[in-house]
Amino acid sequence: MGRQPCCDKLGVKRGPWTAEEDKKLINFLLTNGQCCWRAVPKLAGLRRCGKSCRLRWTNYLRPDLKRGLLSEAEEQLVIDLHARLGNRWSKIAARLPGRTDNEIKNHWNTHIKKKLLKMGIDPVTHEPLNKELAKAEEISSHANNSADNHITENDGIANSSEDNSSTQTENCSSTDDSNLIDSICNDDSLLTSLWMDEPAPLVDASWNGIPAEETCNGTSLPSWEENCAWLLDCQDFGIHDFGFDCINDIELNSLEMGNKTVA
DNA sequence: AATGCCTCCAACCGCAAGTAA
DNA sequence: TTTACTTGCGGTTGGAGGCAT
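Residue numbering for the first sequence follows my numbering, beginning at 105 and increasing consecutively.
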């Protein structure tokens, strides 16, 4: 039996979120906290499916998100974790406070992958492409049907010869970040905990955007007071662009929510 | 200035896992 | 145990903006 769609599609809006929708969602979640996502759009007065609301919140609106490009240290950490965990983006994201799996996945596909190829490293196996190529040739000498692999790997080689000067990101990596990476990469117990799905302690304790008690599984969010503080400090977010000056009216809205009945 | 191509990333889709009845 | 439902995850897509011609 197939699964039902997460929403009935009829009357459900799709595509980019408007400022007004963001506002409604934030207001609702700030007032009520996260509850059943399926009920959120209805209760928040949104014509969206719950899945869309959850995605919008976790990937964009969540107050504990870091914004902007990944630092070199974060990037290096992603590479190392990917080498060990593969495309387990959520697991990788759990090691980078304030970063979402979607963000890391996108960054991997758009930046890191290319960077590794330029460096002559296979982004899938994390082995040097030369080695992969030699291996493939060895295999092809025994079997004749490995043409596809050659094409891919030759492409990689071609790219690597293009320009070996790795692009320097504008973000500098601090010594602390380097130490952080070392500690993570050398910490087998930490990686074991990732495999075992156990919540390991956040390594990046120096990052103060998330309270220490927050777990990797996102079982708890920063306090709503902190959320509000973030919203008031949302210059990066451009929140005023969509009339978020009203965030000071949260209390007012909460009063309204109190009176609001389920539609 | 106009056009086409490329890049990036927000959002969607479908599947799997977890869970309640 | 089975079924129905919710949530989370990873792959993919599409559109906006930037860049080259």
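Glycine residues also receive a C-beta, built at the ideal position from the N, C-alpha and C atoms. In this text, all values refer to a predicted model and were calculated from it rather than measured experimentally.
Beta bridge counterpart(s) of residue i as assigned by DSSP
i, result
"Pro232", "Ile225"
Proximity below 7 Å, CB of residue i to CB of residue j
i, j, result
"Pro167", "Gly154", "no"
"Leu189", "Cys157", "no"
"Leu220", "Arg199", "no"
"Trp193", "Ile208", "yes"
"Asn163", "Asn206", "yes"
"His215", "Ala187", "no"
"Lys217", "Pro227", "yes"
"Gly202", "Lys222", "no"
Alpha helix (DSSP H) segment containing residue i, residue limits
i, result
"Val144", "144-148"
"Trp121", "First-last for Trp121: undefined, no H or E at that position."
"Trp193", "193-198"
"Asp205", "205-211"
"Cys151", "Here residue 151 turns out to be Arg, not Cys, going by the sequence shown. From DSSP, Arg151 is part of no alpha helix (DSSP H); its letter is neither H nor E."
"Ile183", "176-189"
Nearest neighbour of residue i, chosen from the options [CA to CA]
i, options, result
"His211", "His230, Leu150, Leu173, Arg151", "Leu173"
"Lys117", "Leu150, Asp226, Ile196, Thr214", "Leu150"
"Ala123", "Ala143, Leu165, Leu134", "Leu165"
"Gly137", "Glu176, Leu181, Trp121, Trp161", "Trp161"
"Phe132", "Leu147, Ser175, Ala197, Gly224", "Leu147"
"Arg142", "Thr204, Arg152, Glu178", "Arg152"
"Asn368", "Pro120, Lys195, Glu179", "Shown here, the chain extends from 105 to 367; a query on residue 368 therefore has no answer."
"Leu159", "Asn234, Thr204, Gly115", "Thr204"
Any non-hydrogen atom of the ligand FMN closer than 6 Å to residue i Cβ
i, result
"Arg118", "Absence of the ligand FMN is noted for the structure shown, with no ligands found whatsoever."
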